[in-house]
Amino acid sequence: MAYPYIDTPRTELDGNATYLTNGFRSVGRHNLSDLDSVENSFQTPSKDEDILKALGQGRRRSSGGFKLNTPRAGSGAGSKSTRSALNSRQTLPTAAPPAGEFTPLMKSATKNNFLRNISTATRGGPKTPGYLKSGYRTNGNTTVLTSMDMTDIDEEDATDDQPTPLPQVASSSVQGTPLPGLPGRDGGGVLNDGRNMLTLKEQEKMIDKLDKENWGLKVKVHYLEDRLEKAGPAYNQAALRENTELKVTKLTMQRDISRYKKNLQQAERDLEAYRLQFQGLREESRRRQTDETIQREMDLMREEIDSRDSQVKDLQEALRNAKGNQSEEMDKLRDEVEDLEASLREKERMVEERDEEIEELKDKDGKESDALSELEAELHRAKEQMEELQESLDQVQSEAREARNSEAQALEEKEEAERNLQELHDEMANRSFSTKGLTRQLEEKVSKLDGEIGELHQQNDMLKQELEVKHQSETRLQEQYQKAQQSMDSEGRKLHDELDLAQHDLKIVHQERDKLHSQLQEAIDEIQRREEEKELLQTRHYALTDESGGLQQDLSRAQARIRELQQVVDNEKQHAMGDTENLRTQYRDEIERLQEEIESLHHEIEDKEGQFALEEDRWESTKRTLQLQKDRAEDQAAGFKRTIEKLEQVEHTLTGKETKLQEVIDSEKARHFSSEAVLGRQVKELNDELASKRQIIDDQRTELLSVKEELRLARRAETGLKERIQGLEDEIVVLQASLEEEQEFAKGRTQKGSDQDNHVQKVLTEKQKLRDQLANAHVELHDLRTSTAELEAERDELQSQLDNAQNQVDDTSRFDREKVELRKSTLRLEGELKRLKEEKSSLLEANEALENQLHSEFERATAEENRLSAEIDQFQHKLQTSTGGRDRELTLAKSKLQRFERRVHELEALVEQQPAGETDHASTNADFSMLRHNLDEARKREKILLQRETEQKTSVRSFRSRIAELERELHDALMNKFDTNSPQASPSNKLHDELRSLRKQLSEAHRTLRDLKSKNRDLERAAMREEDQRDLHELLKSSTLEAESLALKVSERDARLGEIKAQVHRIREERAFCVRKAEKAMKEVEALQERYNQFVAKAGSKSETQTRHDKEILGLGKEIIWLRARLKREEKFRRDLAWSKGLMELGERVRVACNDADLRMISEMGVKARDRQNVREPRHKLKTAVSMVRAIVRMKRMSQEWTKARKLGEGLKRAKNEVLKRRDGSSRISS
C-alpha cells in the first residue's frame, strides 16, 4: 500500500524565526503567515510507570505493569499514548554517573545508550524523535514541531496493524519535500510512528544497540535494587519517628513544667488564703474573748447595781420606819445617797473606760496585725542584712575586746585603789596619835578614794553590762550569720544542681546531634535523598499543622478551664464576702446590743434616781405631817395644861366652883374643836398645796430626766456623727484619688493591651505570610522538578549528555541550596511559633490575672461603696432623729438654757465666719428667733416658779415663827401662873377623880391620835402605790408609742434599703460590664490598698506622734517589701531572658553544625555547590534589620527601667539604714 507524501514543516521567511509548538497552533501568534508551519506536532508520551518510583515504593508491580526487558514506549495495542517521557527509552540514564556509583561496564552501557538514542527498532518504539517532543527547548525563539499524537491514531477504532493515518495538510505545500513511505516489519510503518526517517541498515544498528542496552539496564536495575535495599526509606522513617518523639517529649515536658509552675502558684495563693483565714480566726477568737470579758464585767456591774438597789430599798424602808433623831438620820441618809450617786457615777465612768478599752483592744489588734506584717518584712530583710551583720559582728567583737581591756584596766585601778586605801588605813592606824588636821585630811582622802572606788565599781558594772550586751549581740549576730551562711549554702547547692541538670541536658543534646549526624551520613543516593527531604518537609509540615491544631485545642481547653476556675474563684470570693459581711453584721448587732444594754442600765440608774427623789419628797411630806401632828399635840398639851392650871386654881374651892369648872371645860372643848377645825383646814390646804407642788416637781423632774437623756444621746450622736462624717469625707477624698489613679492605670493598661494585641496580629500576619511562602516554595519545588524532568528527557545525543550533566550539577546544587534554605526557614518558623506560643500563654496569663484583680478590686470597691452609702444613710437618719430630738428639747425643756445660749454663741460665730448669703441669713435668723423665743419662755417659767417657791418659803417661815411665838407665850404664861398660884391645901377625892378621868381622856386622845397616824400612813402608802401604778401606766404608754414610732422608722428604713439594694444591683451590673473591658495590675492594686489602709488609719486614728511614726515606718517597710518583690521579679525576668537566649543560641549552633554536616556530606558525594552570591533577599535583610532595631530598643528600655529600679532600691536601702541607726540611737539614749 502506497503512502502519501507529507510536507516538510514550513518556516517563516527568516531562518531564525522557527518556533516549536505543543501540538496546536501558536496561542501567542494569531497572525500566522503562509510561511508559518501549519502541521500539528506530536503529543509527548505519558509520565506513568517511572521505574525509579516503582522501585522506591517497594517494587510493587501490577499485572499490566512494566517488565524488566527491553523498555518500550507503550504497554500494548489499544492503550492511549499519554505516558510521560520518563517511561520512554530515552529516559534511561543518559549522563555519566557520579564517582563511585556504578562499574565501568555500566558506564559503557550508558554511553552506548546515549549513542543509540536517536532511533529504535522495536514494535512499541517511540512515536517521535527527541527534537520533536513538546518539552524540547533549545532556543527561546524556535517553535516546537507538530506531533502526530494529536491525530486520530489513538482512537478506539485504530489498531496496530493498520497504517498510521496522516494529518490533514495543505495540498499546495510549495516548500514541502515528499518522502517515500516505507512499510514497517509489523505493518505499522517505520518505527510504528507513521514516519519514514531511517533506512534498514540504520534500523539493524539500532536493534543491536538496544540488545546491548537491555543487558546494561538489567545490571543497573540489579544495582539499584541492592542500593535501595541497603539505603531504603525505613531507616529514614525511624529517624523521623525518633525526631518527632523527641519533639513530643520536649513539648510534654514544657507543658508539665508550666503546669507545675501553675500548681506552685496556686499552692502559694492557697497558703496566703489559709494565712489570712488563720489571722481572721485569731482576731475572731480575740474579739470573742474581749466580748466575754465585757459580758462578765457587765454581769458584775448588774449585780452591783442590784445590790445598790436593794440598799436603796432598805434605806427607803428605814426612812419610812424612822421615828427619832430625824435630822441626824436625814444627814446620814443624804450622805449615803451622795455616796451611792458617786458610786453610780464611778460605775458610769468604768463603763466608759471599758468602752475605751474595747476600742484600744481593737487598735491593739490592728497593731498586732501590722506587727505581724512587719515581722514578715524583717524576715525578708534578714538575707539582705548579711553583710551588715558580718560587719556589725566584727565591730562587736572589736568592741568586746576593748571592753575586756577596759575591764582589766578598771580591775587594776580598783586593786590599786584598794591598796592605797589599805595603806591609808594602816597609816591611820599607825598615826592615831596625830593631830586633828591630819585625821581630817586622811578622812577626806578616804572619802575621796571611796567615791573613786564607787565610781570605778559603777564603771565596772556598766562595762560588765555592756560586755554582756555585746556578748549577746555577738551570739545573736553569729547565729544570724550561720543561718544566712546555711541559706547561701542551700542556694549554692541548688545552683550546682541546676548546673548539673543543664550539663546533662547539654550532653543529651550533643548525643542527639551525634545521632543526627550519623543518620545524615548514611544518606548517599541523591534522588532518594531528595525524596526523603521532600517527605521530611511534608511530615514536618503535617506535624506543625497537627501541633498547631493540638495547641489550639489545648488553648481552648485551657481557656475553658481558666473560665471555670475564674467562675469558681468568683463564687468563692462572693462566698467569702458574704461570710465577712455576716460576721460584720453579727459584730455590729452585738455591739448595738451591748450599747442598748448600757443605755438601759443608764435608764435604770436614772429611774432609780427619780424614785429616790420621789421617796425623798414623800419623806419630806411625812416629816411635815408629823411636824404638824407634833404642833397639834403640843397645842392639845397646852390646852390640857391650861385646864389643869384652872383646875388647880379651883381645887381649893369645893363648892360653887363646879359650875365654873364645867364652863371652863365647855369653853376648852369649844376652843379645842375650833382650833382642831382651823388646824384641819390649814392641814388640808397645806396638803393640797404640797400635792400640787409635788405634782409640779414630779413633772419637772421627769421632764428634766427626759431632757437630760435626750441631750446626752444627742451629744453622743452629734460627736459620733461629726467624727464619722469627717472620716467619710477623708475616705471619699482618698477613694476619689485612688479611683483616678486606677482609671489612669487602667487606661495605660488598655493601651498596652491594645499594643500587645497589635503586635500579636502582626506576628500572626507574618506567620501566615511565612506559611504562604512555604507553600509557594513547595509549589515552586514541584514545578521545578517537573520542568527538570522534562528538560532531562529532551536532550539529544552528546549535546544532551553534556547539557544533562551540567543541568544535573546545577540541579543538585540548587536543590541542596533550596533544602538548606527550607530547613532554615522551617527551623526559624518553629522558633517563631514557639516564641509566639510562649508570648501568647504569658499574655493570656497576664490578662487573666489582671481580669481577676480588676474583678476583685471592683467587688471590693462596690462593697466599700455600699457600706459607705449605708453608713451615710444611717448617719442621715440619726441626724434627722437628733434634729427632731433637738426640736422637742427646744419646746419642752426648761433646763436647756445653757445649751441654748451656747448654741446662740456658736451660731453667731458661724454667721461671722461664713460668707453672707440670703439662705444662710434666713436660716440663721429663723434659728435665732426660735432660740430667743424659747429662751424667753424658759426664763418666764423659771421666774414664775422662783416666785412661787419664795412665796411658799416665806409663808412656811412665817407659820413657823408664829408657832414658835405662840409656844413661847404659852410657856411664859404657864410659868407666871405657877409662880403666882401655889397650892394651899391637898386636893379632895373628887378632884382626884376628875383628874383621873381627865387623864383617861388624855390617854384615849393619844390612842386615837396614834390610830389616826397609822391610818394616815396606810393612806399615804396606798396613794404612793396608786402614784407608782400611774407612773408605770404612763411609762408603758410612752414605751408603746416609742415602739410604734421605731417600727415605722424601721419600715421606712427597710423600704429605703430595698431601693438602695436595687440601685446597687444595677450599679453592680454596669460595673461588671466595665470590669470585662478593663485591665489592672496586682502591684498597683496592692500599692493602692496599702495607701488606702494608711489613709484610713490616719483618718480614723487620733493617736500620738509616736504611733504615727511607727505607722510611717511600717508603711516604709511595706513599700520596701513591695519594691524588693518587684526587683526580684525583674531579676527573674532577666534570668529567664538570658536562659531563653542561651537556649536559642544553643539551638542555632546545633542547626549550624547540622548544616555544616549536610554540606560536608554533599561535598563527599561529589556534588559541587555553586558560589552563592545573592543568598539572602532584600526582604530578609530588612526583616533582620527591623528585628535588630526592635531588640536594641527593647534592651535599652529594659536597661533604663532596671537602672530606675536599682536607684530606687539603693535609696530605700539608705533610708532603711538611717531609720535603723536612728532607732538604735533612740534605744541607747533611753537605756
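Quick note: the sequence shown uses the UniProt record's numbering, first residue 1, plus one each step.
Quick reminder that beta carbons are idealized off the backbone N, C-alpha and C, glycines included.
Please read all numbers here as calculations on a predicted model, not as lab measurements.
Going straight from the alpha carbon of aspartate 570 to that of alanine 863, what length do you get? Across the structure, aspartate 570 and alanine 863 are spaced so that their CA atoms are roughly 14 Å apart.
Give me the Cβ distance between alanine 1087 and tryptophan 1122, rounded to the nearest whole Å; I'm assuming they're in contact under 8 Å. Contact holds; Cβ gap of about 6 Å.
By DSSP, does leucine 198 sit in helix, in strand, or in coil? Leucine 198: coil per DSSP, three-state reduction.
Straight-line Cα distance separating leucine 843 from residue 1233: Since the first and last residues shown for the chain are 1 and 1231, residue 1233 lies out of range.
Which class does valine 469 belong to by DSSP, given the choice of helix, strand or coil? Here valine 469 sits in helix by DSSP.
Three-state class that DSSP yields for glycine 748 in the structure shown: Reduced to three states, the DSSP call for glycine 748 is helix.
Determine the DSSP secondary structure at glycine 1166, reduced to helix, strand or coil. If DSSP states are grouped into helix, strand and coil, glycine 1166 belongs with coil.
When the Cβ atoms of the stretch 608 to 625 are set against those of the stretch 1013 to 1028, are three or more pairs found closer than 8 Å? With the cut-off at 8 Å, the stretch 608 to 625 and the stretch 1013 to 1028 touch.
C-alpha distance - glutamate 531 paired with valine 1189, whole-angstrom precision: Spanning the two alpha carbons is a distance of roughly 40 Å.
Of the residues Glu1130, Gln552 and Lys1213, the one placed nearest methionine 1198, counting alpha carbons only: Taking only the C-alpha atoms, the option nearest methionine 1198 is Glu1130.
Short Cβ contact (9 Å threshold) for alanine 410 with leucine 361: With contacts defined as CB atoms closer than 9 Å, alanine 410 and leucine 361 fail to qualify as a contacting pair.
Beta-carbon proximity list for arginine 1151, same chain, < 6 Å, skipping 5 on both sides: A distance below 6 Å between beta-carbons, with the five flanking residues on each side excluded, links arginine 1151 to the following residues of its chain, in chain order: Leu827.
Looking only at its chain, what residues have a beta carbon closer than 8 Å to the beta carbon of residue 1246, apart from the 5 residues adjacent to it on each side? Summary: the structure shown does not reach residue 1246, with the chain confined to residues 1 through 1231, and so no result is reported for it.
Three Cβ pairs or more, each shorter than 8 Å: is that satisfied between the stretch 1133 to 1151 and the stretch 1212 to 1222? With the cut-off at 8 Å, the stretch 1133 to 1151 and the stretch 1212 to 1222 do not touch.
Going by C-alpha to C-alpha distance, which of Asp1158, His672, Asn420 and Val351 sits closest to threonine 293? For threonine 293, the nearest C-alpha among the options comes from Val351.
What does a CB cutoff of less than 6 Å around valine 683 pick up in its chain, not counting 5 residues either side in sequence? Taken in chain order, the residues that qualify are Leu628.
Whole angstroms is fine: what's the gap from glutamine 1063's alpha carbon to lysine 262's? C-alpha separation (whole angstroms): 39 Å.
Beta carbon of arginine 701 nearer than 9 Å to that of alanine 637: Not in contact: arginine 701 and alanine 637 (Cβ atoms no closer than 9 Å).
Option in Glu245, Lys347 and Arg354 with minimal Cα separation from aspartate 291: Cα-wise, what sits closest to aspartate 291 is Arg354.
Please report how far the alpha carbon of leucine 264 lies from the alpha carbon of alanine 849, in whole angstroms. Rounded to whole angstroms, leucine 264 to alanine 849 spans 15 Å at the Cα level.
Cutoff 8 Å; reference glutamate 606; Cβ partners in own chain excluding five residues on either side: Within the same chain, Cβ atoms closer than 8 Å to the Cβ of glutamate 606 are found at Leu705, Lys708 and Glu709, the five residues on either side in sequence being excluded.
Can you name, in chain order, every residue of its own chain whose Cβ lies under 7 Å from the Cβ of residue 1255, other than the five neighbours on each side? A query on residue 1255 cannot be resolved here, the shown segment of the chain reaching from 1 to 1231 and no further.
Close-in-space but distant-in-sequence residues of the same chain around histidine 672 (CB under 8 Å, 5 per side omitted): Result list for histidine 672: Gln636 and Gly639, in chain order.
For leucine 92, which of helix, strand or coil comes out of DSSP? Residue confidence is low: leucine 92 scores 48 on pLDDT, short of 50, so the model does not pin down where it sits. Its coordinate-derived value is still stated next. Coil, per DSSP.
Taking the alpha-carbon positions, what's the arginine 823 to leucine 537 distance? In a straight line, the C-alpha of arginine 823 is about 8 Å away from that of leucine 537.
Just mark methionine 206 as buried or exposed, buried being the case when its beta carbon has 16 or more other beta carbons within 10 Å. Flag for methionine 206 reads buried.
Of all the options Ser307, Val312 and Arg286, which has the alpha carbon lying nearest to the alpha carbon of aspartate 363? Looking at Ser307, Val312 and Arg286, the one whose alpha-carbon comes closest to that of aspartate 363 is Arg286.
Quick one, are the C-beta atoms of residue 1245 and leucine 467 less than 9 Å apart? Only positions 1 to 1231 of the chain appear in this structure, which leaves residue 1245 out of reach.
Using only the alpha-carbon positions, how far apart do arginine 1068 and asparagine 866 sit? The alpha-carbon atoms of arginine 1068 and asparagine 866 are separated by roughly 10 Å.
CB contact below 9 Å: threonine 702 versus chain B: The structure shown has no chain B; it contains just one protein chain.
Under the assumption that residue 1311 contacts lysine 1118 (Cβ atoms under 8 Å), give the Cβ distance between them as a whole number of angstroms. No information on residue 1311 is available, as it lies outside the stretch 1 to 1231 that the chain covers here.
I think lysine 460 touches lysine 414, with their Cβ atoms under 8 Å apart; what is that distance to the nearest whole Å? For the record, residue 460 in the displayed sequence is asparagine; it is not lysine. Going by Cβ atoms, the distance from asparagine 460 to lysine 414 rounds to 7 Å, so yes, they are a contact pair.
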